[in-house]
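A.B. asks: Before I ask anything, let me first share the structure, which is written out below as structure tokens.
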Amino acid sequence: MDHYDSQQTNDYMQPEEDWDRDLLLDPAWEKQQRKTFTAWCNSHLRKAGTQIENIEEDFRDGLKLMLLLEVISGERLAKPERGKMRVHKISNVNKALDFIASKGVKLVSIGAEEIVDGNVKMTLGMIWTIILRFAIQDISVEETSAKEGLLLWCQRKTAPYKNVNIQNFHISWKDGLGFCALIHRHRPELIDYGKLRKDDPLTNLNTAFDVAERFLDIPKMLDAEDIVGTARPDEKAIMTYVSSFYHAFSGAQKAETAANRICKVLAVNQENEQLMEDYEKLASDLLEWIRRTIPWLENRVPENTMHAMQQKLEDFRDYRRLHKPPKVQEKCQLEINFNTLQTKLRLSNRPAFMPSEGRMVSDINNAWGCLEQAEKGYEEWLLNEIRRLERLDHLAEKFRQKASIHEAWTDGKEAMLRQKDYETATLSEIKALLKKHEAFESDLAAHQDRVEQIAAIAQELNELDYYDSPSVNARCQKICDQWDNLGALTQKRREALERTEKLLETIDQLYLEYAKRAAPFNNWMEGAMEDLQDTFIVHTIEEIQGLTTAHEQFKATLPDADKERLAILGIHNEVSKIVQTYHVNMAGTNPYTTITPQEINGKWDHVRQLVPRRDQALTEEHARQQHNERLRKQFGAQANVIGPWIQTKMEEIGRISIEMHGTLEDQLSHLRQYEKSIVNYKPKIDQLECDHQLIQEALIFDNKHTNYNMEHIRVGWEQLLTTIARTINEVENQILTRDAKGISQEQMNEFRASFNHFDRDHSGTLGPEEFKACLISLGYDIGNDPQKKTGMMDTDDFRACLISMGYNMGEAEFARIMSIVDPNRLGVVTFQAFIDFMSRETADTDTADQVMASFKILAGDKNYITEDELRRELPPDQAEYCIARMAPYAGPDSVPGALDYMSFSTALYGESDL
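Rendered as structure tokens:
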């Protein structure tokens, strides 16, 4: 017996090591066990032509016990002793017990002497041990223990039946419906389950026992009256009897497994066929829409009216906005569906899908290109036609607009030029009138282009035979005559203004000099007052020192400024003397400035008052900047330590993740120690945050004492925590992959060593060429035809290794591998994707031979299968799917209605036509 059998034996035998002798004293249980165990033994002994009547008496000499073991095991035991003395009986029983022990069964407190003496408890315990080993141990459902597997089998088989709830091997069977349900599930013709009643357990039990004995060759091991009359039937008796049902129906279990495999394969095929039909329909609809749309876009028959052409343009815009976008989505979805279908077919070992002629993705793309070409030409034609029809209307409207604008501008200009307002004006007013006149002349010159444009448009309308050309010409002539008259009046007014200007120029010269000197001095005083009152924002000692220096320089200019003030006031006094001397009629004040001597003196006094206030503000700011500098140095000292520490930890984690020191568990432990040390560093980060808060409260925005700011530290700290957590997770995933796929530590080390060797830049990823060389170094042959790894490098493998160093190689297989490890086409392969690929390459997949073998089980080992067998074992939709596609069987052993499941299986995998 191998290790697995021993382990299983120990698991299911463990409860029997503490054989409950007190329960055996219960007469009802002892009676049930006697009858059940006796019937079970006789079901096997009758094969040898004998039986027992009294279980504790007939096994005392050991002969029938040895015979029973030979029948149920199929092996020969040692030759028995034929003597009738006690020593001969003990010897025979010991031979039987030794044989049981050789099968991995641990017998507790059961000795040969007790069996020879007819000890009922020991004899029943020994028979139960035999039943467990040879009738129940091999029962396994979904890797459960024998008892749990048998219970799970019963639950699954009786699940569809109402009033049946199997939870144990005692009271769940008292009403008899569980036994009837097991029989009906496998042989529905033997029992009319619909007539059974839960409140009539005796009838249910007797029906099940009689049918099992008559039709299933299962001896009657229990009495219905005993089960009904016992509060809790004996579990071992029930298990023994139920195990007989399991073995009787084991063939049906195999058929169910085969049916499940076929259902899985057929489901994949049905789904793929539906995707193919969807692609064909979507492709047909899209091509039909393109076929209908292109002639509409190629229609170049122009309309006679602007409204009709604009309607065509609106229809085209509706096409672009409403009709085309859904078709763009359909085209994109079509390509997505096609790629998805090809991927599913490849993953399920099916041949690639080839659309019908004219419906390939390339055909659709070509048709789409023709559509867009026609669309482009149609839009250009529409715009040209609309421009052509718009031209005449646009020219006429443009003439009217420009003429109206010009006429509005000239309105009142002739009356203005004829005025003689300059005769009573002062020199300043004369200057102003001259400036105004110069501006008018500039405006007049600017309008020259508009007059020329009006004339050009009128000329073009005449050349195009515009229907209203006479009115256009009359209006154009009127505009030109008026334009000539305005030019003459403008020249005459300029000459009059210049003569009057010379008369008042001498008096005005002093006003002008005053204004020229007063204005900049006034601006200087206003600027000085603004600067002296201006709030300042500085961030360093150097900046406040610069402001202080500038202020001192300003104070040094005050004496010169006072001299300029006195000179300006002197000019104003001289003007007053001239006016009084020559009795000049000066209307108003200085025309060149509104600045009075009083204003100059007032502003000068204000400047003198603001200077000491500025001195005090600069002194206070200097003290504040000294405090800020101390905060900068404090923060910089800590940041210059923490920043490099984070960088060093990041580099150390990177080295740990690519080195191979110890097992993956050792690497995980080492990383978790690093994680703990990193978390313990958190208080220093918090202290730096406190210092940073003080800096922010002080509105400090730069720090020359460090290159690190708080955001850098935060990001680095978060990246450090994320990197250590992600690295730990990657190692945990590698452990899960190793354990789930059965990869040894040596294989993992080999994978990691190869990966690291070709990861030249230590980025944790491989480029396509690096990945190819890595696969070759592991013995994976990358050629145009996929091959399995052999674990060795032959001549071709060695040539492939040379190819990885720069020679040419086939790319078909390598492209397939890259589509698996890099589905997003990022151009890199991570170590986790590399491990997943290496483990996936060894995984099993369904094959045509496996499906044929499953069909053969359903067919009862025949070379064909019938419709009734398919409908009985498969779900209705999948049964009909097979019947519709299976060819008739033509072999020499064919019967009417026989179907060929072999050709159907090969067709599923593209090895023949379906």
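Counting from 277, one number per residue, gives the positions in the sequence shown under the numbering used here.
Where is the CB? At the ideal position from N, CA and C, for every residue including glycine.
Small disclaimer: the values here were computed from a predicted structure and weren't measured.
Among residues of its own chain, excluding the 5 on either side of K1064, which ones have a beta-carbon nearer than 6 Å to its beta-carbon?
C.D. replies: Model confidence at K1064 stands at a pLDDT of 36, short of 50, so the residue's coordinates are unreliable and nothing is read from them.
A.B. asks: Are the CB atoms of V369 and A388 within a distance shorter than 8 Å?
C.D. replies: Result yes, Cβ atoms of A388 and V369 sit closer than 8 Å.
A.B. asks: Taking the alpha carbon of D334 as the point to measure from, which residue in S349, V727 and N318 has its own alpha carbon closest?
C.D. replies: N318
A.B. asks: Cα separation between A315 and M552?
C.D. replies: 60 Å
A.B. asks: Pull up the distance between the alpha-carbon of G1173 and that of I1133, whole angstroms please.
C.D. replies: 18 Å
A.B. asks: What does DSSP give as the partner residues of A1163 in its beta bridges?
C.D. replies: D1176
A.B. asks: Report yes if the C-beta distance between L426 and S526 is below 8 Å; otherwise report no.
C.D. replies: no
A.B. asks: In terms of residues, what are the limits of the alpha helix (DSSP H) holding L480?
C.D. replies: Contrary to the premise, residue 480 reads as Asn rather than Leu in this sequence. Looking at the DSSP string, the run of the alpha helix (DSSP H) that includes N480 is P477 to F491.
A.B. asks: Take L339 as the anchor and find which of V347, G325 and K365 has the nearest alpha-carbon.
C.D. replies: K365
A.B. asks: Checking 8 Å against the spacing of the C-beta atoms, do T766 and E736 come in under that value?
C.D. replies: no
A.B. asks: Look at the Cβ atom of M497, then the Cβ atom of K311, and state whether they are nearer than 8 Å.
C.D. replies: yes
A.B. asks: Report yes or no: do three or more beta-carbon pairs, one from the stretch 648-667 and one from the stretch 627-637, lie closer than 8 Å?
C.D. replies: no
A.B. asks: State the start and end residues of the unbroken alpha helix (DSSP H) segment that holds M585.
C.D. replies: M582 to D594
A.B. asks: Spatial neighbours of L647 within its chain, please: C-beta separation below 7 Å, excluding the five flanking residues on both sides.
C.D. replies: I566, T569 and I570
A.B. asks: Where DSSP assigns a beta bridge to I1141, which residues make up the other side?
C.D. replies: L1175
A.B. asks: Tell me where the alpha helix (DSSP H) around H320 begins and ends.
C.D. replies: P303 to L321
A.B. asks: Output the distance between the C-alpha atoms of T479 and A1135, rounded to the nearest integer angstrom.
C.D. replies: When rounded, the distance between both Cα atoms is 36 Å.
A.B. asks: Have a look at L842 and R900 and give me their C-alpha separation to the nearest angstrom.
C.D. replies: When the Cα atoms are used, L842 and R900 turn out to be separated by approximately 41 Å.
A.B. asks: Quick check on D327: does DSSP put it in helix, strand or coil?
C.D. replies: The amino acid occupying residue 327 in the given sequence is Gln; Asp does not appear at that position. Coil.
A.B. asks: Once DSSP output is grouped into helix, strand and coil, what is the label at H523?
C.D. replies: helix
A.B. asks: Pick from E424, G454, N444 and I415: whose alpha carbon is nearest that of T434?
C.D. replies: G454
A.B. asks: On the three-state DSSP scale, how would you describe G634?
C.D. replies: Coil, per DSSP.
A.B. asks: In the DSSP assignment, the alpha helix (DSSP H) including M398 goes from what residue to what residue?
C.D. replies: V396 to I407
A.B. asks: Looking at the unbroken alpha helix (DSSP H) that takes in T616, where does it start and where does it end?
C.D. replies: K600 to L623
A.B. asks: Check whether the Cβ atoms of I989 and I971 lie closer than 8 Å to each other.
C.D. replies: no
A.B. asks: Would you report the Cα separation of P477 and D451, rounded to the nearest angstrom?
C.D. replies: 4 Å
A.B. asks: How should K248 be labelled, buried or exposed, when 16 other C-beta atoms within 10 angstroms of its C-beta is the threshold for buried?
C.D. replies: In the structure displayed, the chain extends from 277 to 1190; residue 248 sits before or after that span and is not available.
A.B. asks: Which of helix, strand or coil does DSSP assign to Q413?
C.D. replies: coil
A.B. asks: Can you find the residues in the same chain that come closer than 6 Å, C-beta to C-beta, to N738, ignoring five residues on each side of it along the sequence?
C.D. replies: S745
A.B. asks: Check the C-beta distance from E1022 over to F1034 and give it rounded, since I have them as a contact under 8 Å.
C.D. replies: Contact doesn't hold; Cβ gap of about 19 Å is too wide.
A.B. asks: Determine the extent of the alpha helix (DSSP H) in which Y274 is found, giving its start and end residues.
C.D. replies: In the structure as shown, the chain begins at 277 and stops at 1190. Residue 274 is therefore absent and cannot be evaluated.
A.B. asks: Considering only the beta carbon of each residue, do A457 and I494 sit closer than 8 Å?
C.D. replies: no
A.B. asks: Would you report the Cα separation of I412 and S421, rounded to the nearest angstrom?
C.D. replies: C-alpha separation (whole angstroms): 10 Å.
A.B. asks: Measure from the alpha carbon of V887 to the alpha carbon of each residue in G912, N482 and K831, then state which is nearest.
C.D. replies: K831
A.B. asks: Which runs of the alpha helix (DSSP H), 4 residues or longer, sit entirely within the stretch 673-744?
C.D. replies: Qualifying alpha helix (DSSP H) stretches, in chain order: 689-693, 703-722 and 724-739.
A.B. asks: For E511, which option in N625, V440 and I407 has the closest C-alpha, if you only look at C-alpha atoms?
C.D. replies: The residue with the shortest Cα to Cα distance from E511 is I407.
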